[in-house]
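A.B. asks: Attaching a single structure in structure tokens format; questions to follow.
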Amino acid sequence: MTEQAPAADQNVEYPRILAVGDSALLIEFGSEIDPGVNSRVYALAGQIEASHNAAVVELVPTYRSLLVNYNPLVSDYREMSRFLDEAVAGANEIPVSAAQPNVIELPVVYGGEDGPDLETVAEHAGLSTREVIEIHSGTDYRVYMLGFAPGFPYLGGLDPRIACPRLKTPRTKVPAGSVGIAESQTGVYPNASPGGWQLIGRTAVKLFDHGLAIANTSPSLITPGSEVRFVPVDNHD
Amino acid sequence: MSRLTTMTERAIDSDQTGRIRVIAAGPQSLVQDGGRTGFQKLGVSVSGAADMDALNIGNRLVGNDPYDAAVEILLGGAEFEFETAATFALTGAETGATLDGVPLVSNVSYSAHTAARLVLEMPIPGQGLRTYLAVAGGIKTPPILGSRSTHVASEIGGVGGRALEPGDVLKIGEILVPAVSGKMFNSGDSSANDSELPAVNVRVVLGPQDDEFSAAGIRTFLDSTYAVTDQSNRQGLRLDGPVIESRTGSYDIVSDAVVNGSVQVPGDGKPIVLLADRQPTGGYAKIATVITVDLPKLGQTAPGTKITFAPISVEESQQLLRDRSNRLLKPELGQAVDTFSVQVDDLHVSIGVTEDEVGRRDLITRIARINDVAYPISAVKYTPAE
């Protein structure tokens with residue numbers, strides 16, 4: 016039996032605050048991938064960080080929501096919900112930053128051993144490999160969030176002309192720094208891992224180094240809210 | 009009949025660091041602590057002990073911070089040599105451990121002399137999967153991003169980001185509070201014991217995306233019995249059972265953050281409970297979240313175990329968490345005035361004795377084994393012979 020349900024979102028008003036078990040709350044700003052929604056997520060994260068609330072353990076910003084992990088032995092559900100209600104109201108009054116985002120340039124060797132699937136992507140797009148490189152490196156990509164693996168960015172803004180399905184059989188090992196395309200996404204693998212993305216190039220820049228945290232520097236070169244620019248180069252020197 | 013009396017003298021060399029050598033590591037032994045928080049927004053998994061109760065109890069028994077690093081041993085089969093004298097405790101799954109051949113009891117602190125060998129056999133069926141070896145001073149592998157927890161998939165933490173191997177030498181930290189052997193924790197309701205039950209009942213707070221499921225789907229989830237499949241590990245428990253109906257036919261959402269205990273439902277409609285080694289984000293709708301106090305028992309459930317889910321409010325689950333804190337983290341530990349093992353033919357019984365402030369003794373029998381089949385025995389009052 017199937018119950019007649021309205022399409023998602025029709026009755027949902029954003030932002031909304033949802034309980035995630037006994038130690039986290041989730042603030043959703045929408046259900047879509049959208050730069051404006053994503054900016055609201057980071058504005059709220061900044062607002063909460065500035066409050067220095069001792070109960071807040073960790074914030075996890077994503078495309079369209081912010082997860083607030085808190086210590087229920089320090090604060091409780093009712094108190095945290097009230098705190099977040101106020102933070103959401105406060106963050107809504109902040110104009111979404113018009114400041115230029117931090118742009119991270121990654122030198123990429125396209126094709127050849129570094130990008131074994133460049134020709135597949137070109138063929139699928141009906142373009143030359145040179146055109147694929149020009150299109151891919153001609154856009155600055157918004158870092159909506161990180162996840163999946165240390166330093167792995169979810170980038171937005173791939174030109175639909177070079178979108179390409181994943182490999183039918185994922186590779187057991189993708190080299191660190193590989194730049195890939197999967198459907199309408201593009202991204203870069205910070206560390207060697209199994210993966211099914213079409214690999215079009217590789218950067219020699221080290222994207223994640225946990226040793227950097229000792230110097231109080233982010234261990235991830237790519238940080239949420241920044242932008243990534245791929246710069247074609249002939250070799251890794 | 010063999011008899012083992014614990015020693016209560018203070019640990020030797022309390023101001024020097026010690027070492028433990030791994031002789032055998034079993035199927036998987038990992039350095040784990042309270043977990044690596046603060047870097048999920050950069051894609052770094054939290055990891056940490058799969059049975060946090062057992063980690064906390066072990067550390068308390070040896071005088072450590074409750075979240076210090078210990079060795080998490082999956083399915084026993086491990087052996088360690090104490091290169092320096094140390095105070096230690098075993099918690100979590102009962103394995104039939106011995107120190108230089110002398111049977112040990114779980115949840116009691118012991119002193120090991122230099123060159124003593126600690127051997128862990130296979131866990132007793134139904135008594136959990138993971139045993140914790142806590143050592144006074146804590147295991148001191150290099151901290152990575154504020155934690156020593158091993159996350160094998162991203163090669164972070166522990167020894168070189170991997171499971172322990174024979175020949176590894178683990179440094180033991182400086183002992184700040186002199187550790188005393190013979191401390192005892194009565195874990196009558198510990199997580200490892202629950203897997204004996206016909207079905208493990210797990211309490212959940214519904215949501216955050218329960219509105220992605222039909223009312224019938226939520227009823228299926230709460231009314232059915234699910235089985236833990238063998239495709240389960242520290243990352244999560246993949247369950248088999250009735251398909252949970254989504255509201256729109258799709259189970260996908262725009263990827264967002266998950267927590268320890270998130271119950272996500274992928275396209276096949278069968279739930280996966282995410283655990284310590286989960287990735288920080290995921291793209292499936294999450295019907296419910298397992299409450300914190302019930303997570304340790306999921307870290308001990310073996311494939312084949314039956315699981316049922318029961319809804320509870322956030323307020324109730326937070327009260328349970330406060331109760332847990334009062335029960336595990338605050339009370340003074342009992343002093344085991346004696347522990348011993350009894351062996352009569354194939355019957356093996358491990359026994360601990362505690363004494364309260366007026367000198368009354370409680371006898372706590374842990375487990376009886378006959379022909380390698382385990383029979384838990386409930387606590388029995390001990391009347392000392394006059």
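Line order of the protein sequences matches chains B and U.
Using this note's numbering, count along the first sequence one by one with no gaps and you end on 252.
Using this note's numbering, count along the second sequence one by one with no gaps and you end on 394.
C-beta: ideal position from N, C-alpha, C; glycine also.
Is the Cβ of B/D224 closer than 8 angstroms to any Cβ of chain U?
C.D. replies: no
A.B. asks: Which residues, taken in chain order from the segment 57-90 of chain B, show a beta carbon closer than 9 angstroms to some beta carbon of chain U?
C.D. replies: Answer set for the segment 57-90 of chain B: A60, V72, E73, L74, V75, P76, T77, Y78, R79, S80, L81, L82, N84, P87 and L88.
A.B. asks: List the residues of chain U whose Cβ lies closer than 8 angstroms to the Cβ of B/N206, in chain order.
C.D. replies: S162 and E163
A.B. asks: Would you say B/T218 and B/V203 are within 8 angstroms of each other, going by their C-beta atoms?
C.D. replies: yes
A.B. asks: Can you pull the chain U residues whose beta carbon is under 7 angstroms from the beta carbon of B/L33, in chain order?
C.D. replies: For B/L33, the chain U residues whose Cβ falls inside 7 angstroms of its Cβ are G215 and P216, in order along the chain.
A.B. asks: For U/A171, which residues in chain B fall below 7 angstroms Cβ to Cβ?
C.D. replies: Under the 7 angstroms cutoff, chain B gives no residues; its nearest Cβ is about 18 angstroms from U/A171.
A.B. asks: Give me the DSSP bridge partner(s) of B/E43.
C.D. replies: B/R31 and B/S80
A.B. asks: Just to confirm before moving on: does the CB-CB distance between U/T95 and U/S119 stay below 8 angstroms?
C.D. replies: Yes, Cβ-Cβ distance for U/T95 and U/S119 is below 8 angstroms.
A.B. asks: Pull up the DSSP beta-bridge partners for U/F90, would you.
C.D. replies: U/I28
A.B. asks: Are the segment 124-135 of chain U and the segment 144-152 of chain U touching, with three or more C-beta to C-beta distances below 8 angstroms?
C.D. replies: no
A.B. asks: Please compile the residues from chain U whose C-beta is within a distance smaller than 9 angstroms of the C-beta of B/Y169.
C.D. replies: Within 9 angstroms Cβ-Cβ: S263 and T289.
A.B. asks: In angstroms, rounded to a whole number, what distance separates the CA positions of U/N201 and U/G136?
C.D. replies: Residue confidence is low: U/N201 scores 46 on pLDDT, short of 50, so the model does not pin down where it sits. No coordinate-derived value is stated.
A.B. asks: Under the assumption that B/V124 contacts B/V248 (Cβ atoms under 8 angstroms), give the Cβ distance between them as a whole number of angstroms.
C.D. replies: 6 angstroms
A.B. asks: Starting from U/G66, trace the alpha helix (DSSP H) both ways and give me its first and last residue.
C.D. replies: M60 to L69
A.B. asks: Note down, in chain order, each residue of its chain lying with its Cβ closer than 8 angstroms to the Cβ of U/A4, except the 5 sequence neighbours on either side.
C.D. replies: There is no way to answer for residue 4 of chain U, as the model of chain U reaches only from 9 to 394.
A.B. asks: Residues of chain U with a CB under 8 angstroms from the CB of B/A106: which are they?
C.D. replies: Listed along the chain, the chain U residues whose CB falls inside 8 angstroms of the CB of B/A106 amount to none; the nearest CB is some 17 angstroms away.
A.B. asks: Are the C-beta atoms of U/L98 and some chain B residue less than 8 angstroms apart?
C.D. replies: no
A.B. asks: So, do the segment 66-80 of chain B and the segment 37-50 of chain B have three or more beta carbon pairs nearer to each other than 8 angstroms?
C.D. replies: yes
A.B. asks: Can you name the start and end residues of the alpha helix (DSSP H) that U/E227 belongs to?
C.D. replies: For the sequence presented, residue 227 of chain U should be read as Arg rather than Glu. Here the alpha helix (DSSP H) through U/R227 covers A223 to D231.
A.B. asks: Hey, does U/L329 have any beta-carbon neighbour from chain B nearer than 8 angstroms?
C.D. replies: yes
A.B. asks: So with Cβ pairs under 8 angstroms, would you call U/V267 a contact of chain B?
C.D. replies: yes
A.B. asks: In this structure, does DSSP put B/F98 in helix, strand or coil?
C.D. replies: helix
A.B. asks: What would DSSP say about U/G84, mapped onto helix, strand or coil?
C.D. replies: coil
A.B. asks: With contact counted as at least three CB pairs below 8 angstroms, one residue from each stretch, are the segment 68-88 of chain U and the segment 106-113 of chain U in contact?
C.D. replies: no
A.B. asks: Return no unless some Cβ of chain B is closer than 8 angstroms to the Cβ of U/N201.
C.D. replies: Per-residue confidence for U/N201 stands at a pLDDT of 46, beneath the threshold of 50, marking its modelled position as unreliable; the derived number appears in the next sentence. So no, U/N201 is outside the interface.
A.B. asks: Cβ closer than 7 angstroms: which chain U residues qualify as neighbours of B/L161?
C.D. replies: K49, L50 and G51
A.B. asks: Keeping to the same chain, check which residues put their C-beta closer than 7 angstroms to that of U/D197; ignore five residues upstream and five downstream.
C.D. replies: With a pLDDT of only 47 at U/D197, under the threshold of 50, the placement of this residue in the model should not be trusted, and no figure is reported.
A.B. asks: Checking contacts by CB at 8 angstroms: is U/A393 closer than that to chain B?
C.D. replies: Any reading at U/A393 needs caution, since the residue's pLDDT is 32, under 50, leaving its predicted position unreliable; the model's value is listed next. Put simply, the CB of U/A393 is far from chain B, with every gap to its CB atoms at 8 angstroms or more.
A.B. asks: Expressed to the nearest angstrom, what Euclidean distance is found between the alpha-carbon atoms of U/V54 and U/R286?
C.D. replies: Answer to the nearest angstrom: the Cα atoms are 8 angstroms apart.
A.B. asks: Tell me the rounded alpha-carbon separation between U/R255 and U/D76.
C.D. replies: 44 angstroms
A.B. asks: Does the distance from the C-beta atom of U/Q40 to that of U/A57 stay below 8 angstroms?
C.D. replies: yes
A.B. asks: If you count every other CB in all the chains shown that lies within 10 Å of the CB of U/T313, and 16 or more means buried, which is it?
C.D. replies: buried
A.B. asks: Closer than 8 angstroms by beta-carbon distance: list the chain U residues that pair up with B/D100, in chain order.
C.D. replies: Per Cβ cutoff of 8 angstroms: no residues; B/D100 is ~15 angstroms from chain U at best.
A.B. asks: Using a Cβ-Cβ distance cut-off of 8 angstroms, determine whether U/I65 contacts chain B.
C.D. replies: no
A.B. asks: Within this structure, are the beta carbons of B/R176 and B/A137 separated by less than 8 angstroms?
C.D. replies: no
A.B. asks: By Cβ distance below 7 angstroms, which residues in the same chain neighbour B/D224 in space, the five residues on each side in sequence not counted?
C.D. replies: P234
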